[in-house]
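Colleague: In our numbering, the protein residues as written are 1104 to 1697.
Yeah, the Cβ is synthetic: ideal placement off N, Cα and C, and Gly gets one too.
Bear in mind that the values here come from a model prediction, so they are computed numbers and not experimental data.
1) Count the CB pairs spanning the segment 1199-1207 and the segment 1122-1142 that are closer than 8 Å, and state whether there are at least three.
2) Would you kindly report the start and end of the unbroken alpha helix (DSSP H) that includes residue 1538?
3) Just to confirm my understanding: we take residue 1132, look at its own chain, exclude 5 residues before and 5 after, and list those with CB closer than 8 Å. What are they?
4) List the endpoints of the continuous alpha helix (DSSP H) containing residue 1515.
5) Please name the residue in 1521, 1466, 1430 whose C-alpha comes closest to that of residue 1106.
6) Does the count of Cβ pairs from the segment 1498-1515 and the segment 1677-1689 closer than 8 Å reach three?
7) Starting from the C-beta of residue 1403, find all residues in its chain whose C-beta is less than 7 Å away, skip the five residues before and the five after it, and write them out in chain order.
8) Taking the alpha-carbon positions, what's the residue 1227 to residue 1678 distance?
9) Classify residue 1405: buried if its beta carbon has 16 or more other beta carbons within 10 angstroms, exposed otherwise.
10) Count the other CB atoms, across all protein chains shown, that sit within 10 Å of the CB of residue 1627; report buried if there are 16 or more and exposed otherwise.
11) If you run the structure through DSSP and keep just helix, strand and coil, what is residue 1673?
12) What residue from 1237, 1114, 1454, 1589 has the CA that sits closest to residue 1645's CA?
13) Report the partner residues of residue 1461 according to the DSSP bridge assignment.
14) Would you identify the three-state DSSP class for residue 1479, choosing helix, strand or coil?
15) Give me whichever residues DSSP pairs with residue 1662 in a beta bridge.
16) One question on the structure: do residue 1420 and residue 1240 come within less than 8 Å of each other, judged by their Cβ atoms?
17) Cutting at 7 Å between CB atoms, please list the residues of its own chain near residue 1155, excluding the five before and the five after it.
18) Leaving out five residues before and five after residue 1244 in sequence, what residues of the same chain have Cβ atoms less than 6 Å from its Cβ?
19) Tell me whether residue 1453 sits in a helix, a strand or coil according to DSSP, three-state version.
20) Could you tell me which uninterrupted alpha helix (DSSP H) segments, each at least 4 residues in length, are contained entirely in the segment 1395-1425, listed from first to last along the chain?
21) Of the choices 1518, 1248, 1193, 1216, whose alpha-carbon is the least far from that of residue 1466?
22) Taking the straight line between their C-alpha atoms, what separation do you get for residue 1591 and residue 1291?
23) Sort out for me which residues DSSP pairs residue 1531 with in a bridge.
24) Look at the Cβ atom of residue 1496, then the Cβ atom of residue 1505, and state whether they are nearer than 8 Å.
25) Pick helix, strand or coil for residue 1497, following the three-state DSSP scheme.
26) For residue 1364, which of helix, strand or coil comes out of DSSP?
27) Who are the Cβ neighbours of residue 1560 in its own chain at under 6 Å, not counting the five residues just before and after it?
28) Here's a check: name, in chain order, each residue in its chain whose Cβ is nearer than 7 Å to the Cβ of residue 1283, leaving out the five neighbours to either side.
29) Looking at the unbroken alpha helix (DSSP H) that takes in residue 1576, where does it start and where does it end?
30) Excluding five sequence neighbours on each side, which residues of the same chain lie with their C-beta closer than 8 Å to the C-beta of residue 1546?
31) For residue 1558, which three-state DSSP category applies?
32) Measure the C-alpha to C-alpha separation of residue 1212 and residue 1434 and round it to an integer number of angstroms.
33) Whole angstroms is fine: what's the gap from residue 1152's alpha carbon to residue 1264's?
34) State the Cα-Cα distance for the pair residue 1425 and residue 1334, rounded to the nearest angstrom.
35) Using only the alpha-carbon positions, how far apart do residue 1566 and residue 1598 sit?
36) How far does the beta strand (DSSP E) with residue 1648 in it extend, from its first residue to its last?
In C-alpha cells, the structure reads:
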C-alpha cells in the first residue's frame, strides 16, 4: 500500500464498497427462493427463516411476484458482479502501471555503480514480465478474495439460519476440504512459480545475447547452438507454466461435486428414506433454499481459495518486485534546493583527484591506489597505459559516475559533494569506444534526452558542423529527421563517433572525455575526429584515453597508468625520458609506422 499513489487508494475504497453489493443480492436471492418454494408447495416456512411477503394474495399470486423478484435480483446480481470485476481489473491494470513507472524511475535514479552489478536481461524481465505477474498474481487475487469474503460471510449466515446444524456441517465440510486440498498443492505451486520465473529470466537473457551477438553467430554458424539453448529453456518453462495455471483450479473442480453431494445427502436422502410424502414436501423449500445458497456460495468460495493459491504462487514474484520498490527513489537533481547551477560549480583553474582509491562492488582488490592528478581548465590531457591499469576507472570518477572508496574528486581544490554532482555532470560529456545511439532520428540523437518540440534546430546544425558531420546529414533523405537504425547501424564507425561528438557539442559540454573513441577507426577517420576537436579549440577541457600514441601526441599533458597508480606524467617528449615503458611504446610505434 505504501508504494501506491493516493488516487489508487481512493479507488481501492470504491472497490471495497462495491464488493459488498453482490453478497447482499445473493442473500436476498436465497431468502426469496425459500419463500417462493414454500408458497409453491403450500408449506409455510417458520418465522425464523428470512421471508419476503408481497401484497398478500394466494400462493399463485405470491409465487408470481416472488419469481419476478428473484429474476430481478438475478439480473442485479449479474450486473453487480460484472461491475465489480470491471473495477477490480481496472484497478489491477493501474497498479501494474504504477509499479512499472515507480520501479523504472527507481532504477534510473540509481548510481552508475549500481548498474555495473546488474544484468540487463534480468532488469528487462522484471520490467516487462515480473511486475505484470505481481499485479495479476498478487493484487488481482487480493481484490478477488476481498470481494469473495463479503459474499461468503453473508451467504453463510443465510445458510445457517435456514439449515441450522445441517448447514454447519455443510459449510465446515466445504471449508475443511478446500483448506486440505490447498495445503497439499501449495508446495508444488510455489516450486513451479519459482522455476517459471527463473527460466523466463534465462530465456530473456539468451534472447538478448543472441540478438546482440548476431554478427558473431553468423560468422561462427552458431545458430543451432543458440536456438537449441532457447528452445530447451522454453520447453522447461512451458512445463512449469501449465502447472502454475492448473494447480489453482484443482480445489474448485473437486469442491463443486462435493457440495452437491453434501446438500442432497443431508437434505433429501433422510426425507426420501422415510417414505412420508409430507416430509418430502416439507423438505423441498429447505432443499431448494440450501441448493440455491450453496450454488451462490460455491463461486465466491472457489474464487477465494483459488485466489489464495494464486497468491501463494505469486509470492516469489513479490520478493523481486519489493527489492526494486525499496530502492532509493531519487538522487539530487538540478533545480533541487542546495544543488548549484552548472555554471556555478564549474572550476576556473583545475579539475583534480586527491588520493583516490577505488574497488568495484564485490571485490576487495583496489583498482586505483592513491591516484593524484590535476587537469588545468581548458587543457587537453591524455591517459595511457596497459589494459586494466585504471585509466577508464579514473575517467569515470572524474565524471562523478563512480564514488571513490577513499579520496575525492576536486574542483579548484574543493571536494565535490553529493549536492554538486548533478551540476558537475551537466558540464560533462563522454564519447566511448562503443557508443549507444537511439533507434531514432539524427536530431533526437544529437539532442539526447530532449523532446523534439524543445530542440532548437539551428543549434543542432551548429553542433553537427563542429563535429564535421553537417554535410553528410544535409544529404540524407530527411535531413535531421532521418532514422539512423538500431544503435546507428546505418552509420559508419566514424559517423557514429562524430554524432557522439555532436551530442557533446550540442550540450555545450565544458569537460569532454574520449574513452578509446578512435581506437576502432582507421587513420583517416581518426584524423577527421581530431580535426573536429581542433575546431572547437579550447572551448572545453578534454581527457583522451587511447592506446595509439598518435592520438595523444597533441595533448598538453599525458598521465601513464600502471597497476592502478600513476607511474609518470608530462608532455609527450618529457614522458619519453621519464618512463622507460612509454619510451619503448613510442619507439615501437615509430618502427611500425616506418
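Modeller: According to the data block:
1) They do not touch, by the three-pair rule.
2) Position 435 of the chain shown, counting from 1, holds the residue named residue 1538. Secondary structure note for residue 1538: it is in no alpha helix (DSSP H), with a DSSP letter that is neither H nor E.
3) For this step, residue 1132 is matched to residue 29 along the chain shown. Around residue 1132: 1173, 1176, 1177, 1180, 1395, 1399.
4) Stepping through the chain shown from its first residue, residue 1515 is reached at position 412. Segment: none, residue 1515 is in no alpha helix (DSSP H) and carries neither H nor E.
5) Within the chain shown, numbered from 1, the residue matching residue 1106 stands at position 3. Of the listed residues, the one whose Cα sits closest to residue 1106 is 1430.
6) no
7) Mapped onto the chain shown, residue 1403 falls at position 300. Taken in chain order, the residues that qualify are 1251, 1254, 1255.
8) Here the question's residue 1227 lines up with position 124 in the chain shown. Here the question's residue 1678 lines up with position 575 in the chain shown. So the two alpha carbons sit approximately 47 Å from each other.
9) To locate residue 1405, count along the chain shown from 1; it is residue 302. Label assigned to residue 1405: buried.
10) Within the chain shown, the letter at position 524 stands for residue 1627. Answer is exposed; the Cβ neighbour count stays below 16.
11) If you number the chain shown from 1, residue 1673 lands on position 570. Strand, per DSSP.
12) In the chain shown, counting from the first residue as 1, residue 1645 sits at position 542. Among 1237, 1114, 1454, 1589, the Cα nearest to that of residue 1645 is on 1454.
13) Looking up residue 1461 in the chain shown gives position 358. Partner(s): 1471.
14) Your numbering for residue 1479 matches position 376 in the chain shown. Reduced to three states, the DSSP call for residue 1479 is strand.
15) Stepping through the chain shown from its first residue, residue 1662 is reached at position 559. The partner list for residue 1662 (beta bridge, DSSP) reads 1486, 1672.
16) As a position in the chain shown, residue 1420 is number 317, starting the count at 1. As a position in the chain shown, residue 1240 is number 137, starting the count at 1. Taking 8 Å as the Cβ cut-off, residue 1420 and residue 1240 qualify as a contacting pair.
17) Your numbering for residue 1155 matches position 52 in the chain shown. No answer about residue 1155 holds up, because its pLDDT of 45 lies below 50 and its placement is not dependable.
18) To locate residue 1244, count along the chain shown from 1; it is residue 141. Once the five neighbours on either side are set aside, the close Cβ partners of residue 1244 are 1410, 1413, 1414.
19) Counted from its first residue, the chain shown places residue 1453 at position 350. Three-state result, residue 1453: strand.
20) If we require 4 residues or more, the segment 1395-1425 turns out to have no alpha helix (DSSP H) run fully inside it.
21) Stepping through the chain shown from its first residue, residue 1466 is reached at position 363. Out of 1518, 1248, 1193, 1216, 1216 has the C-alpha closest to the C-alpha of residue 1466.
22) On the chain shown, position 488 is the one that residue 1591 refers to. On the chain shown, position 188 is the one that residue 1291 refers to. The straight-line gap from Cα to Cα measures roughly 47 Å.
23) Walking along the chain shown from the start, residue 1531 turns up at place 428. Residue 1531 is bridged to 1614.
24) As a working note, residue 1496 is residue 393 in the chain shown. As a working note, residue 1505 is residue 402 in the chain shown. Their beta carbons are under 8 Å apart, which means residue 1496 touches residue 1505 by this criterion.
25) Your numbering for residue 1497 matches position 394 in the chain shown. Of the three classes helix, strand and coil, the one that applies to residue 1497 here is helix, per DSSP.
26) For this step, residue 1364 is matched to residue 261 along the chain shown. In the structure shown, residue 1364 sits in a helix (DSSP, three-state: H, G or I).
27) Counted from its first residue, the chain shown places residue 1560 at position 457. The answer is none, since no qualifying residue turns up.
28) The residue you call residue 1283 lines up with position 180 of the chain shown. If we look at residue 1283 and ignore the five residues flanking it on each side, it has no Cβ neighbours.
29) For the purposes of this step, residue 1576 is taken as residue 473 along the chain shown, with counting starting at 1. First-last of the alpha helix (DSSP H) with residue 1576: 1573-1577.
30) By 1-based counting over the chain shown, the position of residue 1546 is 443. Once the five neighbours on either side are set aside, the close Cβ partners of residue 1546 are 1555, 1558, 1560, 1563, 1583, 1584.
31) Counting from one through the chain shown, the residue named residue 1558 turns up at place 455. Residue state, collapsed to three classes: coil.
32) To locate residue 1212, count along the chain shown from 1; it is residue 109. To locate residue 1434, count along the chain shown from 1; it is residue 331. The alpha-carbon atoms of residue 1212 and residue 1434 are separated by roughly 6 Å.
33) Indexing the chain shown from 1 puts residue 1152 at position 49. Indexing the chain shown from 1 puts residue 1264 at position 161. For residue 1152, the predicted model reports a pLDDT of 39, less than 50, meaning its position is unreliable; a value from the coordinates is still stated below. C-alpha separation (whole angstroms): 6 Å.
34) Working through the chain shown from its first residue, we reach residue 1425 at position 322. Working through the chain shown from its first residue, we reach residue 1334 at position 231. Taking the straight line joining both Cα atoms gives about 30 Å.
35) By one-based count along the chain shown, residue 1566 stands at place 463. By one-based count along the chain shown, residue 1598 stands at place 495. Their backbone Cα atoms lie some 14 Å apart in a straight line.
36) Along the chain shown, read from residue 1 onward, the residue named residue 1648 stands at position 545. 1644-1648 is the extent of the beta strand (DSSP E) around residue 1648.
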